[in-house]
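Colleague:
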Amino acid sequence: MDFGTIVEILDSAVRLGTPLLLACLAGLFSERAGIFDIGLEGKMLMAAFFSGAVAAVTGSAWLGLLAGVGGSMSLAMVHGLASITFRGNQLISGVAVNFLASGFTVLIAQSWFQQGGRTPQLSGHARFEPITLPGASAVKDVPVIGPLYSNLISGHTILVYVAFAMVPLTWWVLFRTRFGLRLRAVGENPESVDTAGVSVIRLRYTAVAITGVLAGLAGTYLATGLAAGFVKEMTAGRGYIALAALIFAKWRPVPALGATMLFGLLEAISNRYPNIDLGVVTLPIQFMQAVPYILTVVILAGFIGKAIPPRAGGQPYVKER
Amino acid sequence: MTFFKQFLGAAATLALTAGAAMAEPALIYDLGGKFDKSFNEAAYNGAKKWAEETGGSYKELEMQSEAQREQALRKLAESGANPIVMTGFAFGDTLNTVAPDYPDTKFAIIDMVVDQPNVESVVFTEEQGSYLVGLMAGMASKTGTVGFVGGMDIPLIRKFACGYVQGVKAANPDAKVVQNMTGTTPAAWNDPVKGGEIAKAQISQGADVIYAAAGGTGIGVLQAAADGGILSIGVDSNQNYLHPGQVLTSMLKRVDNAVYDAFKEGADLKPGIKVMSLADDGVGVALDDNNKSLVTPEMLAAVDQAKADIIAGKVTVHDYMSDDSCPVQ
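Chains A and B supply the protein sequences, listed in that same order.
For the first sequence, the working numbering assigns the number 252 to the initial residue and increments by one for each residue that follows.
For the second sequence, the working numbering assigns the number 3 to the initial residue and increments by one for each residue that follows.
1) Would you call the stretch 471 to 479 of chain A and the stretch 395 to 412 of chain A touching, i.e. three or more CB-CB distances under 8 Å?
2) Pick out the complete alpha helix (DSSP H) segments inside the stretch 333 to 372 of chain A, 4 residues or longer, and give them in chain order.
3) What residue from 519(A), 321(A), 375(A) and 530(A) has the CA that sits closest to residue 536(A)'s CA?
4) At the level of alpha carbons, what is the spacing between residue 264(A) and residue 318(A)?
5) Excluding the 5 residues flanking residue 217(B) on each side, which residues of the same chain have their C-beta closer than 7 Å to its C-beta?
6) Report yes if the CB atom of residue 146(B) is closer than 8 Å to the CB atom of residue 182(B), and no otherwise.
7) If residue 320(A) and residue 464(A) are in contact, beta carbons under 8 Å, what's the gap, nearest whole angstrom?
8) So the beta strand (DSSP E) residue 309(B) belongs to, where does it begin and stop?
9) For residue 401(A), go through chain B and note every residue whose CB falls closer than 7 Å to its CB, in chain order.
10) What three-state label does DSSP hand residue 31(B) in the structure shown?
11) Comparing C-alpha positions only, which one of 281(B), 90(B), 122(B) and 214(B) sits nearest to residue 2(B)?
12) Rounded to a whole number of angstroms, what is the C-alpha to C-alpha distance between residue 113(B) and residue 55(B)?
13) Under DSSP, the alpha helix (DSSP H) around residue 410(A) begins and ends at which residues?
14) Output yes if chain A places a C-beta closer than 8 Å to the C-beta of residue 186(B); else output no.
15) Is the Cβ of residue 196(B) closer than 8 Å to any Cβ of chain A?
16) Can you find the residues in the same chain that come closer than 8 Å, C-beta to C-beta, to residue 130(B), ignoring five residues on each side of it along the sequence?
17) Which class does residue 215(B) belong to by DSSP, given the choice of helix, strand or coil?
18) Apart from the five residues on each side of it in sequence, which residues of its chain come closer than 7 Å, Cβ to Cβ, to residue 391(A)?
19) Leaving out five residues on either side along the sequence, give the residues of the same chain with a beta carbon under 7 Å from the beta carbon of residue 119(B).
20) Since I believe residue 498(A) is in contact with residue 547(A) (beta carbons under 8 Å), could you give me their beta-carbon distance rounded to a whole number of angstroms?
21) Where does the unbroken alpha helix (DSSP H) through residue 269(A) begin, and where does it stop?
22) Please report the residue range of the alpha helix (DSSP H) in which residue 49(B) lies.
23) Would residue 260(B) and residue 236(B) be called neighbours here (beta carbons separated by less than 8 Å)?
24) Would residue 372(A) and residue 284(A) qualify as a contact pair, given that the criterion is a beta-carbon distance under 8 Å?
25) How many angstroms separate the CA atom of residue 492(A) from the CA atom of residue 248(B)?
26) Got a sec: is the Cβ-Cβ distance from residue 411(A) to anything in chain B below 8 Å?
27) On the CB-based measure, 16 or more other CB atoms within 10 Å of its CB, does residue 242(B) come out buried or exposed?
28) Mind checking the stretch 214 to 236 of chain B against chain A and listing, in chain order, the residues whose C-beta falls within less than 7 Å of any C-beta there?
29) Could you check if residue 522(A) is buried or exposed, using at least 16 other CB atoms within 10 Å of its CB as the buried criterion?
30) Take the Cβ of residue 27(B) as the centre, count every other Cβ of all protein chains shown within 10 Å, and call the residue buried at 16 or more, exposed below.
31) How would you write the range of the alpha helix (DSSP H) that residue 293(A) sits in, first residue to last?
32) Could you spell out where the alpha helix (DSSP H) holding residue 446(A) opens and where it closes?
33) Taking 8 Å as the threshold (beta carbon to beta carbon), is residue 162(B) in contact with chain A?
34) Can you tell me whether DSSP reads residue 115(B) as helix, strand or coil?
35) Determine the DSSP secondary structure at residue 540(A), reduced to helix, strand or coil.
36) Please report whether the beta-carbon of residue 266(A) lies at a distance below 8 Å from any beta-carbon of chain B.
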């Protein structure tokens, strides 16, 4: 395995890890505010469909992005309404969101485009094109740094850079702003926030809305950045892997980056080397595909540190009288 | 709510025609939907061709959910439709229970073998078609490395892969074939993102022609191949038009012919297993204006020669499903 191959695998890992990262940060905001969200998958799917459909109709990836975020946001609000206002069970609401998105997208796609539940192929400006960073071609031939910069760092779509920028931003918002402190408090002990005179309901809705935006970016990246259009069920379980990454990262933004990139790397390796020969044993591809879940279970079981979810997670807040 | 209208329409048509028990043929599309640009649409084209030629009419029904299968079959059988053709292996179990209840009705199922006295099972020799596109891939490749991306890892897809590899090796014995399966769950049929990444990984390993037999995942493979400036090969229907000038060819599975034949035979449909092979034009390669510039006269000659040899029995393409193994890698 030469250096060029390693760079290519890392490059693929970044592409595959980015939707996970965005979805993981989306889940982080919601769960830190005490709203469990297993509907990430559904929100991403909805965003993938609306971004693909609107980009196909208008020919603009940016309008697609708006529509994708809008679609994801509408499901986020459904989840918020069910779990905050009506104090329903958050897990059930999340499952409902997933089912709703799965059926709704194909149904609308079929009646809109008559192509068997997909959107037309996107081309040109309807897709987010890779951006070549300044100087990428100039340093291409410099050993080590050249390939790293021109292949790995340069040449991704704008959404990838947005996703990476979201990591420090999320950290700053959560741990360095008043809003972030309140958001974390509302997930740990909503009564105290209420006593301080801050609206729990409003904070939680805000968190759910941020989740909608980030999950919308994740879905849009799938349909208009990586692929060229929407295909039914195209999220293929990425929302659930993002949830696993969230637990793996113990609900913290910087480890979330590490976890999602690790999961992306595992997928990239299994794409490149379906069966890994270790001399004594051969690791089948199924093993590589299962590793993210195995790691998550190991973390949950408390073998490596302890994953403690926000204390008020999953519980609707009832104001005391 | 177009779907609901369609469904009501279909139900109404059924109700209206139930009285006049004329032996009209019927066609049931699987969940992919009538206009899926692939498998089911091919079936529709076959039925349309029959209707245009004979001036006859036929009933059709589009599955909207898994739960409708048995109900749809029974309704059509009771309405007197004969024969009833259905597309897709997913009907197998349902047909196996329904067929004995309607001994006077003939059924035809595509892509699945159902062992009942009134059922015709239509299967295709995908390995022969894949052999031909493999031959073309081997000749078109400049790097000597070609790729294969399968959908879900099932024997049927390995059959595609095995035929393809044999074709590639026939054109260039030293060629390397990079093979990937997208996954082991049905999600592998609809993951264009992963398909695209696998295609990119294959490109970086030197592949310059990639054959996708992966349903919706294949769309991502074809896209990544077009973006990467290499050739790809489509499957089932003619997918050359998806990226004109960048799709070398498509492995055709003539579901339309199967439906057309079944409709034509009508109530005299012969039960048993019907193999649609190269000799019956059951499989083949797609040649049209979109890939004209890519196919050289030598390729055309080699494909025609191989086709003649396979039909004459001079060349045998190994069928993966006959012994669950492939002699070449």
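Cβ coordinates follow ideal geometry from the N, Cα and C atoms, glycine included.
Modeller: Taking the geometry as given:
1) yes
2) 341 to 364
3) Walking along the first sequence from the start, residue 536(A) turns up at place 285. Minimum Cα distance to residue 536(A) is reached at 519(A).
4) On the first sequence, position 13 is the one that residue 264(A) refers to. On the first sequence, position 67 is the one that residue 318(A) refers to. Looking at the two C-alpha atoms, the distance is approximately 27 Å.
5) For the purposes of this step, residue 217(B) is taken as the residue at position 215 of the second sequence. Here the set comprises 153, 191 and 192.
6) Numbered from 1 along the second sequence, position 144 holds the residue referred to as residue 146(B). Numbered from 1 along the second sequence, position 180 holds the residue referred to as residue 182(B). Result no, Cβ atoms of residue 146(B) and residue 182(B) do not sit closer than 8 Å.
7) Against the first sequence, residue 320(A) aligns to sequence position 69. Against the first sequence, residue 464(A) aligns to sequence position 213. About 6 Å; that satisfies the 8 Å criterion.
8) Against the second sequence, residue 309(B) aligns to sequence position 307. Here residue 309(B) belongs to no beta strand (DSSP E); instead the alpha helix (DSSP H) covers 299 to 314.
9) Walking along the first sequence from the start, residue 401(A) turns up at place 150. Per Cβ cutoff of 7 Å: no residues; residue 401(A) is ~15 Å from chain B at best.
10) Working through the second sequence from its first residue, we reach residue 31(B) at position 29. The answer is strand: DSSP assigns residue 31(B) an E or B state.
11) Not covered by the structure: residue 2(B). The range shown for chain B is 3 to 331.
12) For the purposes of this step, residue 113(B) is identified with residue 111 of the second sequence, where counting begins at 1. For the purposes of this step, residue 55(B) is identified with residue 53 of the second sequence, where counting begins at 1. If you take the alpha carbons of residue 113(B) and residue 55(B), they lie about 25 Å apart.
13) Against the first sequence, residue 410(A) aligns to sequence position 159. From DSSP, the alpha helix (DSSP H) with residue 410(A) extends over 409 to 427.
14) Walking along the second sequence from the start, residue 186(B) turns up at place 184. By this cut-off, residue 186(B) is an interface position.
15) Along the second sequence, read from residue 1 onward, the residue named residue 196(B) stands at position 194. Interface residue, yes.
16) For this step, residue 130(B) is matched to residue 128 along the second sequence. Cβ within range, chain order: 165, 279, 280, 285, 312 and 319.
17) One-based indexing of the second sequence puts residue 215(B) at position 213. Residue state, collapsed to three classes: strand.
18) Position 140 of the first sequence, counting from 1, holds the residue named residue 391(A). Hits under 7 Å: 397 and 401.
19) Taking the second sequence and counting its residues from 1, one reaches residue 119(B) at position 117. Shown here for residue 119(B): same chain residues with a beta carbon closer than 7 Å to its own, the five before and five after excluded, namely 273 in chain order.
20) As a position in the first sequence, residue 547(A) is number 296, starting the count at 1. As a position in the first sequence, residue 498(A) is number 247, starting the count at 1. By a beta-carbon distance limit of 8 Å, residue 547(A) contacts residue 498(A). Their separation comes to about 5 Å.
21) Working through the first sequence from its first residue, we reach residue 269(A) at position 18. For residue 269(A), the enclosing alpha helix (DSSP H) covers residues 254 to 283.
22) As a working note, residue 49(B) is residue 47 in the second sequence. Note, residue 49(B): alpha helix (DSSP H), 41 to 56.
23) Reading the second sequence from its first residue, position 258 is the one you call residue 260(B). Reading the second sequence from its first residue, position 234 is the one you call residue 236(B). No, Cβ-Cβ distance for residue 260(B) and residue 236(B) is not below 8 Å.
24) Translated into the one-based positions of the first sequence, residue 372(A) becomes position 121. Translated into the one-based positions of the first sequence, residue 284(A) becomes position 33. No.
25) Start at 1 with the first residue of the first sequence, and residue 492(A) comes out as number 241. Start at 1 with the first residue of the second sequence, and residue 248(B) comes out as number 246. Near 34 Å, if we compare the C-alpha coordinates of residue 248(B) and residue 492(A).
26) Here residue 411(A) is taken as the residue at index 160 of the first sequence, counted from 1. No - not a single Cβ of chain B is within 8 Å of the one on residue 411(A).
27) Along the second sequence, one-based indexing puts residue 242(B) at 240. When all chains shown are included, residue 242(B) counts as buried.
28) 218, 221, 222 and 225
29) Your numbering for residue 522(A) matches position 271 in the first sequence. That one is buried.
30) Counted from its first residue, the second sequence places residue 27(B) at position 25. Under this definition residue 27(B) is a buried residue.
31) Locating residue 293(A) in the first sequence gives position 42, where the first residue counts as 1. 291 to 309 is the extent of the alpha helix (DSSP H) around residue 293(A).
32) The sequence position of residue 446(A) within the first sequence is 195, counting from 1. Looking at the DSSP string, the run of the alpha helix (DSSP H) that includes residue 446(A) is 441 to 446.
33) Translated into positions along the second sequence, residue 162(B) becomes position 160. For residue 162(B), the answer is no, since every Cβ of chain A falls outside 8 Å of its Cβ.
34) Working through the second sequence from its first residue, we reach residue 115(B) at position 113. Coil at residue 115(B), not helix or strand.
35) Indexing the first sequence from 1 puts residue 540(A) at position 289. It is helical.
36) As a first step, residue 266(A) must be located in the first sequence, where it is residue number 15. Judged by the 8 Å Cβ criterion, residue 266(A) is in contact with chain B.
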